[in-house]
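Protein chains: 4
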Amino acid sequence: MAHGYYKNQDQVLARLKRIEGQVRGLQRMVGEDKYCIDILTQISAATSALNKVAVGLLEDHIGHCVVEGTRDDNVDMVAEASAAIERLLKS
Amino acid sequence: MAHGYYKNQDQVLARLKRIEGQVRGLQRMVGEDKYCIDILTQISAATSALNKVAVGLLEDHIGHCVVEGTRDDNVDMVAEASAAIERLLKS
Amino acid sequence: MAHGYYKNQDQVLARLKRIEGQVRGLQRMVGEDKYCIDILTQISAATSALNKVAVGLLEDHIGHCVVEGTRDDNVDMVAEASAAIERLLKS
Amino acid sequence: MAHGYYKNQDQVLARLKRIEGQVRGLQRMVGEDKYCIDILTQISAATSALNKVAVGLLEDHIGHCVVEGTRDDNVDMVAEASAAIERLLKS
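Chains as they are written, first to last, in this note's numbering: chain A, 1 to 91; chain B, 1 to 91; chain C, 1 to 91; chain D, 1 to 91.
The following block contains the structure:
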């Protein structure tokens, strides 16, 4: 049973792999006592990259809901997507 | 031609009216030289309230897209909604 | 007793006045049943503008803490500022 | 030359290690085609955790600026910190 984002799975995995590298880079920077502001810049980059992945998944998810528009459980899927957007905005 | 959020129009307007009051309250606080941290707390409250309105509008919009699922221009509506979510996350 | 942001008070008030106008513009857009995505774009603009005011106030506040660096209550002021930043990030 | 966050270095590294684990968990979820909304929840958790690290670093940095309050380059350090906060809010 696919969940709507399968078509971009490789791209999503490549992005997450890159974010993992950014987080490991952050550990190296902290371990080497790099300048705080440079570390914060790198954190902003990782957060942006995570949000980009989230928006991509949401786009596929919403598109999936739309295509399946006649299924009865779509109201719940829309409410679920909205709750996920709200969590992202608060995180 | 309605745009999908009409069912909650009164609630949305009431929330925006309250946010307008919060922003006027902020002007009063700044004019009275209130403590900076209290002003920042009030800014966070207004921003949260704006995001709540945004999530509500998105929920109606996505629901509308889903209901209209057979229309050809829905792919664009999904892309548009995703772009709007991305702007919100960056704002 | 001034609170550190007094030097930019006029600018801060002008920005908040403009944000109040944006929020009133949002009410007009909702009342006129404008397209949801355009309303969301305007919400993003208002949120960005509020965050800009917040960053300006924080800059003045931190600068004020630094200048007053020998006062005993500065540890609390720093903790307070950090808590305010955290609230902004979550709002 | 220490940069102000050295006192919490172990804690910061432990948090970043945990975030690295969360990002690897995300790759596993995507690889196993887990439900999109669950993946988004996990992204929100990782983003929150990154922001928590950022706020901790900022608190140490601002505290450091305050302690060093008489140094001439502190105006720049405050401007730099504000720019970093702005980037975090936009990321």
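Backbone N, C-alpha and C define an ideal beta-carbon position, used for all residues, glycine too.
query	result
Take the Cβ of D:N11 as the centre, count every other Cβ of all protein chains shown within 10 Å, and call the residue buried at 16 or more, exposed below.	The sequence as given places Gln at residue 11 of chain D; Asn does not occur at that position. Result: exposed.
If the criterion is Cβ atoms closer than 8 angstroms, does the pair C:Q22 and C:A49 meet it?	yes
Are the C-beta atoms of A:A81 and some chain B residue less than 8 angstroms apart?	yes
Between the C-alpha atoms of C:I19 and C:A46, what's the straight-line distance to the nearest angstrom?	6 angstroms
Could you spell out the range, first to last residue, of the alpha helix (DSSP H) harbouring C:E59?	36 to 67
State yes or no: is the beta carbon of A:E32 nearer than 8 angstroms to at least one beta carbon in chain B?	no
For B:S82, name the three-state secondary structure that DSSP assigns.	helix
Please list, in chain order, the chain B residues whose beta carbon lies closer than 7 angstroms to that of A:L88.	L89
Kindly indicate if chain C contains any beta-carbon less than 8 angstroms away from that of D:I19.	no
I need the straight-line Cα distance from A:L40 to D:N8, nearest angstrom please.	15 angstroms
Could you check where the alpha helix (DSSP H) with D:D10 kicks off and where it finishes?	9 to 31
I'd like to know if C:V66 contacts chain B, where contact means its C-beta is closer than 8 angstroms to some C-beta of that chain.	no
For C:R15, tell me which candidate among B:V30, B:L13, B:L16 has the shortest Cα-Cα distance.	B:V30
Helix, strand or coil for C:S91, going by three-state DSSP, please let me know.	coil
Could you tell me the alpha carbon to alpha carbon distance between A:S91 and B:K90, rounded to whole angstroms?	12 angstroms
Answer yes or no: do C:Q27 and B:L57 have a C-beta to C-beta separation smaller than 8 angstroms?	no
Can you pull the chain A residues whose beta carbon is under 8 angstroms from the beta carbon of B:L16, in chain order?	Here the premise fails: no neighbours, minimum Cβ distance about 17 angstroms.
For D:E32, count the other beta carbons within 10 Å of its own beta carbon; 16 or more makes it buried, fewer makes it exposed. Which is it?	exposed
Could you tell me the distance, in whole angstroms, from the CA atom of A:K17 to the CA atom of B:K52?	32 angstroms
Give the single residue among B:I37, B:I62, B:A79 whose Cα lies nearest to the Cα of C:A83.	B:I37
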